[in-house]
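S.K.: Residue numbers (this note's numbering): 88 to 418. Ideal Cβ placement from N, Cα and C applies to all residues, glycine included.
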Ligand SMILES: NC(=O)c1ccc[n+]([C@@H]2O[C@H](COP(=O)([O-])OP(=O)(O)OC[C@H]3O[C@@H](n4cnc5c(N)ncnc54)[C@H](OP(=O)(O)O)[C@@H]3O)[C@@H](O)[C@H]2O)c1
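1) Quick check on the burial criterion: 16 or more other C-beta atoms within 10 angstroms. Buried or exposed for residue 125?
2) Just to confirm my understanding: we take residue 358, look at its own chain, exclude 5 residues before and 5 after, and list those with CB closer than 6 Å. What are they?
3) Find the nearest neighbour of residue 368 within the set 324, 261, 90, judged by alpha-carbon distance.
4) From this set, 336, 91, 171, which residue's C-alpha is nearest residue 141's C-alpha?
5) For residue 343, is the beta carbon positioned less than 8 Å from some heavy atom of ligand 1?
6) Does the Cβ of residue 383 have 16 or more other Cβ atoms within 10 Å, making it buried, or fewer, making it exposed?
7) How should residue 267 be labelled, buried or exposed, when 16 other C-beta atoms within 10 angstroms of its C-beta is the threshold for buried?
8) Thinking residue 465 and residue 412 are a contact (beta carbons under 8 Å), I'd like their distance in whole angstroms, please.
9) From this set, 265, 177, 185, 167, which residue's C-alpha is nearest residue 374's C-alpha?
10) What would DSSP say about residue 320, mapped onto helix, strand or coil?
11) State yes or no: is the C-beta of residue 259 within less than 9 Å of the C-beta of residue 122?
12) Just mark residue 343 as buried or exposed, buried being the case when its beta carbon has 16 or more other beta carbons within 10 Å.
13) Looking at ligand 1, does it come within less than 8 Å of residue 124, judged from the CB to the closest heavy atom?
14) Could you work out which residue in 290, 323, 372 is closest to residue 335 when comparing CA atoms only?
15) Which of helix, strand or coil does DSSP assign to residue 137?
16) Going by the C-beta, is residue 340 closer than 8 Å to any heavy atom of ligand 1?
17) Using 10 angstroms around the beta-carbon of residue 206, count the other beta-carbons present and answer buried if the total reaches 16, otherwise exposed.
18) I'd like the ranges of any beta strand (DSSP E) spanning at least 3 consecutive residues and lying wholly in the region 164–194.
19) Could you check where the beta strand (DSSP E) with residue 216 kicks off and where it finishes?
20) When every heavy atom of ligand 1 is checked, does at least one fall within less than 8 Å of the C-beta of residue 277?
21) Report the rounded CA-to-CA distance for residue 189 versus residue 147, giving the unit in angstroms.
22) Is it the case that the Cβ atoms of residue 388 and residue 274 are separated by a distance below 9 Å?
23) Let me check you understand the geometry: is the CB of residue 352 closer than 8 Å to at least one non-hydrogen atom of ligand 1?
24) So residue 303 and residue 240 are supposed to be a Cβ contact under 8 Å. How far apart are they, rounded?
25) Can you give the beta carbon distance from residue 159 to residue 135, rounded, assuming they're within the 8 Å contact cut?
26) If you draw a straight line from the alpha carbon of residue 243 to that of residue 112, how long is it in whole angstroms?
27) Alpha carbon to alpha carbon, how far is residue 208 from residue 257?
28) Is it buried or exposed for residue 153, if we count other Cβ within 10 angstroms and need 16 for buried?
29) Are the Cβ atoms of residue 397 and residue 319 separated by less than 9 Å?
30) If you draw a straight line from the C-alpha of residue 338 to the C-alpha of residue 293, how long is it?
31) How about residue 337: is its Cβ closer than 8 Å to a heavy atom in ligand 1?
32) Between which two residues does the alpha helix (DSSP H) containing residue 242 stretch?
33) If residue 393 and residue 228 are in contact, beta carbons under 8 Å, what's the gap, nearest whole angstrom?
34) How would you label residue 251, buried or exposed, when you count the other beta carbons within 10 angstroms and need 16 or more for buried?
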């Protein structure tokens, strides 16, 4: 329940969507939101950031690098990653940036890469599950999973599972799931996880899998309680990125004066990774440095059975898809 004047204003911004998700959101909220992470707070710390070669991921990499982090930029497009690494090294000289090649939608690749990373013996401060896509037609991965589900849900679930040991080694490990305000457009749909029975649409697949990410973050928070790893989900607002320019061209062009910069979209990722405060919270859904409701007004939440079904499906899909995979030999 809103109490102070700023709480009330923040609430109105959030519920109006149009006001809060645009650049107006951070422009106003920065007057009352919690302090920035301390300078140098990420020195000596490693972060694995998926989809780090462009958009919000690239901006988060720059912000974390500026705080001293070593950022492992993970993606499937090698020239894009190499270009980002070179540019980031110039933009954020306090940071270190590594290119890590892995297709998040390909389960054996994810297992091979993550097992190889775990074998490097590094303590991992944070995993940011940021990579995202929106396919206009239904596509399947080599393992037979619908592409959006594989990219947003199965790949990140497997990545999280394989990196628990290095995350726990840090003593203050953090997992951040970059989901979307678009999740409010869907409830948790466990009746057709692979989109084989209902008519496919890119927007519906996106909204459904973004809802699944938020629920998975909650489930991972329970799973890792007491292990020294906090788990967060967040949404960045409406952000001008290559992904939005490509998949949502018309909406983007109509909102150019209001759309957020990639830096504004990445702000809460960086804050969740680098600030002290989020270490004492786990399992919450954040936007602009504040926990947010996971349903819109009277939208109903999923049942316990649906949550269990999602977890069981993810566990069995990743186990089936990665049998016998050996660790990739790292650089
Ligand atoms: N922009 C927004 O308004 C907005 C709003 C809400 C939520 N988000 C979320 O924010 C995250 C970042 O999105 P963005 O807007 O910054 O989009 P973006 O510019 O397209 O960045 C997404 C990144 O993920 C990578 N990626 C996609 N599929 C991958 C895969 N299978 N394996 C490895 N990497 C993969 C992309 O690589 P390629 O370029 O090679 O595909 C790209 O580098 C996404 O999760 C998105 O859903 C964005």
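M.R.: According to the structure shown:
1) Residue 125 sits at position 38 when you count from the first residue of the chain shown. Answer is exposed; the Cβ neighbour count stays below 16.
2) What you label residue 358 is simply residue 271 of the chain shown in a count that begins at 1. Within the same chain, Cβ atoms closer than 6 Å to the Cβ of residue 358 are found at 376, the five residues on either side in sequence being excluded.
3) The residue labelled residue 368 in the question sits at position 281 within the chain shown. If we check each option's Cα against that of residue 368, 261 comes out closest.
4) Here residue 141 refers to the residue found at position 54 of the chain shown. Closest option to residue 141, Cα to Cα, is 171.
5) Position 256 of the chain shown, counted from the start, is the residue given in the question as residue 343. Exclusion of residue 343 from the 8 Å shell around ligand 1 follows from its C-beta lying no nearer than that to any non-hydrogen atom of the ligand.
6) Along the chain shown, one-based indexing puts residue 383 at 296. Per the 10 Å Cβ criterion, exposed.
7) In the chain shown, the residue the question calls residue 267 occupies position 180. By the Cβ neighbour-count rule, residue 267 is buried, with 16 or more other Cβ atoms within 10 Å of its own.
8) Beyond the ends of the chain as shown, which are 88 and 418, falls residue 465; an answer cannot be given.
9) Residue numbering aside, residue 374 sits at position 287 when the chain shown is read from its first letter. Out of 265, 177, 185, 167, the CA that lies nearest to the CA of residue 374 is found in 265.
10) Within the chain shown, numbered from 1, the residue matching residue 320 stands at position 233. In this structure, residue 320 counts as strand in the three-state DSSP scheme.
11) Your numbering for residue 259 matches position 172 in the chain shown. Your numbering for residue 122 matches position 35 in the chain shown. No, the Cβ-Cβ distance between residue 259 and residue 122 is not below 9 Å.
12) Along the chain shown, one-based indexing puts residue 343 at 256. Exposed.
13) Translated into positions along the chain shown, residue 124 becomes position 37. Within the chosen limit of 8 Å, ligand 1 does not reach the beta carbon of residue 124 with any heavy atom.
14) Position 248 of the chain shown, counting from 1, holds the residue named residue 335. Comparing Cα-Cα distances from residue 335 to each of 290, 323, 372, the minimum goes to 290.
15) What you label residue 137 is simply residue 50 of the chain shown in a count that begins at 1. DSSP, reduced to helix, strand and coil, places residue 137 within a strand of the structure shown.
16) Counting from 1 along the chain shown, the entry for residue 340 is found at position 253. The answer is no for residue 340.
17) For this step, residue 206 is matched to residue 119 along the chain shown. Classification for residue 206: exposed.
18) For the region 164–194, whole beta strand (DSSP E) runs of length 3 or above, ordered along the chain, are 183–188.
19) Residue mapping note: residue 216 aligns to position 129 of the chain shown, counting from 1. Per DSSP, residue 216 belongs to the beta strand (DSSP E) from 213–216.
20) Position 190 of the chain shown, counted from the first residue, corresponds to residue 277. The nearest non-hydrogen atom of ligand 1 is 8 Å or more from the C-beta of residue 277.
21) Counted from its first residue, the chain shown places residue 189 at position 102. Counted from its first residue, the chain shown places residue 147 at position 60. Rounded to the nearest angstrom, the two C-alpha atoms are 19 Å apart.
22) In the chain shown, the residue the question calls residue 388 occupies position 301. In the chain shown, the residue the question calls residue 274 occupies position 187. It is a contact, given that the beta carbons lie within the stated cut-off.
23) Counting from one through the chain shown, the residue named residue 352 turns up at place 265. For residue 352, the Cβ falls inside the 8 Å cut-off from some heavy atom of ligand 1.
24) Residue 303 sits at position 216 when you count from the first residue of the chain shown. Residue 240 sits at position 153 when you count from the first residue of the chain shown. Here residue 303 really is in contact with residue 240; their C-beta atoms are around 7 Å apart, less than 8 Å.
25) Walking along the chain shown from the start, residue 159 turns up at place 72. Walking along the chain shown from the start, residue 135 turns up at place 48. 5 Å between Cβ atoms; contact.
26) Along the chain shown, read from residue 1 onward, the residue named residue 243 stands at position 156. Along the chain shown, read from residue 1 onward, the residue named residue 112 stands at position 25. Whole-angstrom Cα-Cα distance: 28 Å.
27) Here residue 208 refers to the residue found at position 121 when the chain shown is read from its first residue. Here residue 257 refers to the residue found at position 170 when the chain shown is read from its first residue. Here the alpha carbons of residue 257 and residue 208 stand approximately 11 Å from one another.
28) Indexing the chain shown from 1 puts residue 153 at position 66. Sixteen is the threshold: when 16 or more other Cβ atoms of the shown chains lie within 10 Å of the Cβ of residue 153, as they do, the residue is buried.
29) Taking the chain shown and counting its residues from 1, one reaches residue 397 at position 310. Taking the chain shown and counting its residues from 1, one reaches residue 319 at position 232. Against a cut-off of 9 Å, the Cβ pair of residue 319 and residue 397 comes out as no contact.
30) As a working note, residue 338 is residue 251 in the chain shown. As a working note, residue 293 is residue 206 in the chain shown. One C-alpha to the other measures close to 16 Å.
31) The residue given as residue 337 occupies position 250 in the chain shown. Checking the Cβ of residue 337 against ligand 1 gives no.
32) Along the chain shown, read from residue 1 onward, the residue named residue 242 stands at position 155. For residue 242, the enclosing alpha helix (DSSP H) covers residues 242–249.
33) Residue mapping note: residue 393 aligns to position 306 of the chain shown, counting from 1. Residue mapping note: residue 228 aligns to position 141 of the chain shown, counting from 1. Rounded, the Cβ-Cβ distance is 24 Å, inconsistent with contact.
34) The sequence position of residue 251 within the chain shown is 164, counting from 1. Taking every protein chain shown into account, the CB of residue 251 has 16 or more other CB atoms within 10 angstroms, so this residue is buried.
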